[in-house]
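There are 2 protein chains.
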Amino acid sequence: MMVSTKGRYALTVLVDLARNSGEGYVSLADIAEREHLSMKYLESIISMLNKGGMLESLRGKNGGYRLAREPKDYNISEILVLTEGTLAPVNCIISPGVQCEKAATCSTLPLWAGLDKVIENYLSSITLEDILTGNRRKMLGDYCDSCDTQQEEN
Amino acid sequence: MMVSTKGRYALTVLVDLARNSGEGYVSLADIAEREHLSMKYLESIISMLNKGGMLESLRGKNGGYRLAREPKDYNISEILVLTEGTLAPVNCIISPGVQCEKAATCSTLPLWAGLDKVIENYLSSITLEDILTGNRRKMLGDYCDSCDTQQEEN
DNA sequence: CTTAATCCTACCGAAGTGGTAGGATTTGTC
DNA sequence: GACAAATCCTACCACTTCGGTAGGATTAAG
């Protein structure tokens with residue numbers, strides 16, 4: 001059930017771009033240095049974001065990347081889907097009834113469908129802007145109180 | 001973000017045991033045949049459930065397995081944790097602050113914590129009994145209507 | 001003592017993860 | 001036009017996990 005580094009780094013890249021864009025294009029080398037990540041590996045990840053239409057790029061000197069939209073117009077679900085492939089916890093969810101002929105009688109399918117829905121609902125409700133502004137109440141829900149105290153523990 | 005076959009088969013085994021127990025112990029061979037799964041592979045999975053205290057087993061002839069508790073006293077979260085290891089979508093959630101020294105300033109951590117919470121809340125709210133009885137309203141929430149029609153599509 | 005069952009350890013091919021390497025291409029600047 | 005700095009593209013690779021298989025030791029009922 002882990003989100004791979006592809007998805008996590010993709011999000012990191014977008015957050016970095018949102019914070020450090022402003023004027024022109026931001027180079028991959030700058031992002032990699034700021035985030036302490038391998039530039040070569042980030043290259044393959046940012047390529048997915050670019051092909052998915054989430055970025056605008058400029059080649060050549062002074063080139064780089066920038067966000068194609070405003071931070072509030074990216075939701076986390078689409079970012080992770082682009083890099084992870086799918087967020088469905090089991091294959092049979094992706095297109096129900098197609099892959100598994102036992103779908104009609106499968107007693108566990110509603111559970112996986114419900115889990116998928118819960119994950120999708122949550123991730124599509126959070127935007128890149130929520131992350132930038134640290135909207136803990138939205139991300140952590142009613143449990144925000146216990147999370148505020150966490151910072152003091154260490 | 002996929003649940004592996006370990007977790008899925010574990011759930012299948014528990015559902016099968018709940019449905020086909022009644023009197024004594026149920027042999028692994030019977031479960032494997034009913035569920036059309038490899039007995040040898042199921043062996044390693046059921047071993048985890050057994051060591052985790054979810055089953056009672058009897059060796060020797062007429063031996064097998066049976067549930068250690070009532071179906072309503074198993075929640076799906078604990079079943080998956082036992083077989084999958086953890087349900088956390090990223091490592092830094094498992095024991096916050098310990099693994100990643102950047103936790104205090106990590107802007108994406110609240111997102112992963114929120115996702116973890118949403119998954120955990122959902123899966124721990126569903127019991128084995130809900131699956132047995134096909135409690136679609138609980139598993140699928142308010143979307144149950146659209147899911148009822150799904151059966152007619154194919 | 002045979003048979004049917006769990007238990008235990010080891011192995012194994014295939015796929016996915018997390019990168020690295022090297023070069024081709026494009027673009028701004030001198 | 002040359003050079004430098006950047007994206008783009010393809011291939012490779014070590015490691016781990018996934019999804020099993022194989023073979024035998026142990027236990028218990030008849």
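Line by line, the protein sequences give chains A and B. In terms of the numbering used here, the first sequence opens at residue 1 and continues consecutively. In terms of the numbering used here, the second sequence opens at residue 1 and continues consecutively. C-beta: ideal position from N, C-alpha, C; glycine also.
Could you confirm whether any beta carbon from chain B is found closer than 8 Å to the beta carbon of residue i?
i      : result
A:L123 : yes
A:N20  : no
A:M54  : no
A:V15  : yes
A:M48  : no
A:I45  : no
A:L82  : no
Please confirm whether residue i has its beta-carbon closer than 8 Å to some beta-carbon of chain A.
i      : result
B:K117 : yes
B:S95  : no
B:S107 : yes
B:M39  : no
B:G60  : no
B:P89  : yes
B:P110 : yes
Can the beta-carbon of residue i be found closer than 8 Å to that of residue j?
i      : j      : result
B:L17  : B:Y65  : yes
B:L78  : B:S4   : Looking at the sequence itself, residue 78 of chain B is Glu, so the reference to Leu does not match. No.
B:T12  : B:P71  : no
B:L37  : B:Y9   : yes
B:K102 : B:I45  : no
A:L140 : B:K138 : no
B:M2   : A:V26  : no
B:L28  : B:E43  : yes
Can you look up residue i in the DSSP assignment and give me helix, strand or coil?
i      : result
A:E56  : strand
B:L67  : strand
A:N135 : coil
B:T108 : coil
B:N62  : coil
With residue i as the anchor, note down where its alpha helix (DSSP H) starts and where it stops.
i     : result
A:I2  : First, the residue type needs correcting, since residue 2 of chain A is Met and not Ile in the sequence shown. Segment: none, A:M2 is in no alpha helix (DSSP H) and carries neither H nor E.
B:K40 : M39 to K51
A:T86 : Unbroken run through A:T86: none, as it is neither H nor E.
A:A29 : L28 to E35
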